[in-house]
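Residue numbers (the numbering used here), protein chains in the order written: chain D, 8 to 123; chain C, 3 to 110.
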């Protein structure tokens, strides 16, 4: 299995709702990532997990809360979002953190989130 | 910080014409640069990496240290090459980040 699977594919939520995005990979990768992508823009890094521990938070608002329950799963909990948070949310994984050696990231199809 | 510049937001090329997508980097050493591609309604995926020196889907990219460039090239464009292309630099902070991207539009 060489895929990163994200659910749901589409999500519409109100500003008072609580929802979660899920991401799964079975490639034995030790690093996992959340990105936010607005239309016609590159993906913006939000969070990085390494060996199930949060290693990077790119100053993301607390209404986004990541969680890594085990080495194959990554969640993004959403609460009290704003309409401007509407975007495509991408999950990715890589064998390890690449640093200056760089490393290939495998991406999921994304969750298209609309906040109303 | 390790950064790349993709100067063109949009590049329109006729089918069968050569393609060159530009990527310039601004740091020293031998950077391990990647090109990613995002086709419409498909996931973002690695296209090729500097160190492999291979050709993928007819695309090649050569690291030019003198010009600090890692341009993506293909001699004859095909309609299925229409996509967003992102140059991705290495990052000492373990972040996988991307240039601003170039949208390649192949004209029939």
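For each residue, glycine too, the CB sits at the ideal point set by N, CA and C.
C-beta neighbour in chain D for residue 78(C), strict 8 Å: Counting from 1 along the second chain, the entry for residue 78(C) is found at position 76. False, the Cβ-Cβ gap to chain D never drops below 8 Å.
Entirely enclosed beta strand (DSSP E) segments - the region 39-76 of chain D, minimum 3 residues: 51-57, 60-64
Three or more beta-carbon pairs under 8 Å between the region 88-107 of chain C and the region 99-107 of chain D, yes or no? yes
Could you tell me the distance, in whole angstroms, from the CA atom of residue 72(D) to the CA atom of residue 109(D)? Numbered from its first residue, the first chain carries residue 72(D) at position 65. Numbered from its first residue, the first chain carries residue 109(D) at position 102. Cα-Cα distance, rounded: 26 Å.
Which ranges does the beta strand (DSSP E) cover as unbroken runs of at least 3 residues, wholly within the region 24-48 of chain C, from first to last along the chain? 36-40
Residue 31(D), enclosing beta strand (DSSP E) - first and last residue: Sequence index remark: in the first chain, residue 31(D) carries index 24 (1-based). Its beta strand (DSSP E) spans residues 25-32.
Neighbour list for residue 111(D) in chain C, Cβ cutoff strictly below 8 Å: Residue mapping note: residue 111(D) aligns to position 104 of the first chain, counting from 1. The contacting residues are 36, 48, 51.
Check whether the region 24-37 of chain D and the region 87-94 of chain C are in contact - that is, three or more C-beta pairs closer than 8 Å. no
Could you tell me whether any Cβ in chain D is nearer than 8 Å to the Cβ of residue 92(C)? As a position in the second chain, residue 92(C) is number 90, starting the count at 1. Interface residue, yes.
Out of curiosity, what's the CA-to-CA distance linking residue 51(D) and residue 11(C)? Position 44 of the first chain, counting from 1, holds the residue named residue 51(D). Position 9 of the second chain, counting from 1, holds the residue named residue 11(C). Those two C-alpha atoms are separated by around 17 Å.
Could you tell me the alpha carbon to alpha carbon distance between residue 123(C) and residue 95(D), rounded to whole angstroms? Because residue 123(C) is not part of the residues shown, which for chain C are 3 to 110, the question remains open.
So what does DSSP say about residue 99(C), is it helix, strand or coil? Counting from 1 along the second chain, the entry for residue 99(C) is found at position 97. It is coil, neither helix nor strand.
Which residue from 65(D), 19(D), 14(D), 11(D) puts its Cα closest to that of residue 86(D)? The residue you call residue 86(D) lines up with position 79 of the first chain. Among 65(D), 19(D), 14(D), 11(D), the Cα nearest to that of residue 86(D) is on 19(D).
Could you please tell me which residues of the region 55-79 of chain C, in chain order, have their CB closer than 8 Å to any CB of chain D? none
So residue 54(D) contacts chain C; which residues on that side make the cut at Cβ distance below 7 Å? Residue mapping note: residue 54(D) aligns to position 47 of the first chain, counting from 1. The contacting residues do not exist; residue 54(D) stays about 10 Å from chain C at best.
Take residue 58(D) and list the residues in its own chain whose beta-carbon comes closer than 6 Å to its own, dropping the five residues that flank it on each side. Taking the first residue of the first chain as position 1, residue 58(D) is located at position 51. Result list for residue 58(D): 37, in chain order.
Kindly say whether residue 16(C), judged by its beta-carbon, lies nearer than 8 Å to any beta-carbon of chain D. The residue given as residue 16(C) occupies position 14 in the second chain. With 8 Å as the cut-off, residue 16(C) does not count as an interface residue toward chain D.
Going by other Cβ atoms of all chains shown within 10 Å of its Cβ, with 16 needed for buried, is residue 64(C) buried or exposed? Within the second chain, numbered from 1, the residue matching residue 64(C) stands at position 62. Exposed: under 16 other Cβ atoms inside 10 Å.
Would you please verify whether the beta carbon of residue 93(D) is less than 8 Å from any beta carbon of chain C? The residue given as residue 93(D) occupies position 86 in the first chain. Not an interface residue.
Chain D within 8 Å of residue 108(C), Cβ atoms only: On the second chain, residue 108(C) is found 106 positions in, with the first residue counted as 1. No - not a single Cβ of chain D is within 8 Å of the one on residue 108(C).
With 16 as the cutoff for other CB atoms within 10 Å, does residue 101(D) come out buried or exposed? Indexing the first chain from 1 puts residue 101(D) at position 94. It is buried - the Cβ of residue 101(D) has at least 16 other Cβ atoms within 10 Å.
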